[in-house]
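Converting from the sequence shown to our numbering requires adding 35 to each position, the first position being numbered 1.
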Amino acid sequence: MFNINSIISKERNWTCKGEEQFKCRFSFCIKRSQVCDGLIDCNMTYWDEYHCSKYVVNKKQKSFNKNYQRNVDANPPVTILLKQFSCPTPDLTCDCEEHSMDCSHRNLTSLPNNLDIDNGATKFIMRGNRIVIKPDMFIKLDRLTYLDLSENGIEHLPARLFRSLWRLITLYLKGNIISIIQPYAFVGLSHLLTLDISCQRLSKIETNTFLGLKSTRKVNISGNVVTDVADGCFNGLSAIQTLDISNNRIRFIGENVFNGLKKLNFLYTDEYQFCCMAKISRQCFPE
């Protein structure tokens, strides 16, 4: 009978053969020459490319370009990646380590080139740039699980912008100047758990804005200028547990706006009178 636990146990207890091999964390061994070569050989843990920017190199190593050094005495020669691994365009000096690529505050107006090449990065942090939104900009980035586009001066989100990001779990858009989110903008984000669209210029939430977010647990819409919350604007949020609509200018909330949000536990508003319309919520603030 197939026993996955026995296989995992064997991987954890695997013993490497001398110094010519490298032990992947909780797994098998690879060749020492595969460590810090810019390629992921320790599947799942990326252990062979972890902290490569801090790799201690031999004094006899010889530099052959600005990014790499080679130990000419090693047999076979060992190539050591000096820059943090997985940056597709090293000239951008993004901080790349393990599965994360941080290009915050780089004055970028578009995503870096060559991101469609699978380099192991699943977490993109693009905070504090000037990214211009284009309809197909994420079409080849379906591996992403985390995306931070906060503080980019983004003005609108077109329909189906994120349609390819079915693996995405966290999406941060805080601190932009979004005034329009077209219906179906979030279609495709079937595994998203957290959505932050706080501190924008949203005055209205259209019907079906959140359609497609069937797994989302937390949505933050605080710090906007929303005046009306009409029936149907939360369609699609069937799994939501925490909803923050505080620090807005809400004058009207539709009578049935919270219908269908059966798992809502925490609702944050500006006035208690709105809590009376969300009796399904376990806790509503202010109390």
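Glycine included, C-beta positions come from ideal geometry on N, C-alpha and C.
Annotated three-state conformation of C319 is strand, per DSSP. Nearest to F287 by C-alpha distance, out of L150, F309 and T251, is F309. Annotation: the continuous alpha helix (DSSP H) that includes F309 extends over Y307 to C310.
The residue from L200, R236, L206 and H191 with its alpha-carbon nearest to that of Q217 is H191. Within the same chain, P218, Y219, F221, V222, N270 and G271 come within 8 Å of L246 by CB-CB distance, once the 5 residues on both sides are set aside. Membership of V254 in the beta strand (DSSP E) is indicated by the continuous run K253 to N255. Annotation: the continuous beta strand (DSSP E) that includes E132 extends over D130 to E132. Taking 7 Å as the cut-off, the Cβ atoms of F301 and Q318 count as close. Taking 7 Å as the cut-off, the beta carbon of T205 is found closer than this to the beta carbon of T229. Just measuring C-alpha positions, the residue of I166, D130, R141 and S145 sitting nearest K158 is D130. For the 7 Å CB-CB criterion, L200 and L179 form a contact. Cβ neighbours of D305 within its own chain (closer than 6 Å, five residues either side excluded): S281. The distance from the Cβ of R165 to that of N142 is about 7 Å, consistent with a contact at the 8 Å cut-off. According to the DSSP assignment, M172 belongs to no beta strand (DSSP E), since it is labelled neither H nor E. Just measuring C-alpha positions, the residue of P170, F197 and N255 sitting nearest L182 is F197. At a Cβ-Cβ threshold of 7 Å, D231 and K249 do not count as neighbours. Separation of S214 and N255 (C-alpha to C-alpha, rounded to the nearest whole angstrom) is 15 Å.
Rounded to the nearest whole angstrom, the CA to CA distance from D266 to K239 is 12 Å. Your pair G289 and V264 checks out as a contact, with CB atoms roughly 6 Å apart and the cut at 8 Å. DSSP, read as helix, strand or coil, puts S68 in helix. Spatial neighbours of V167 in its own chain (CB-CB distance under 7 Å, excluding positions within 5 residues in sequence) are listed in chain order as T144 and S145.
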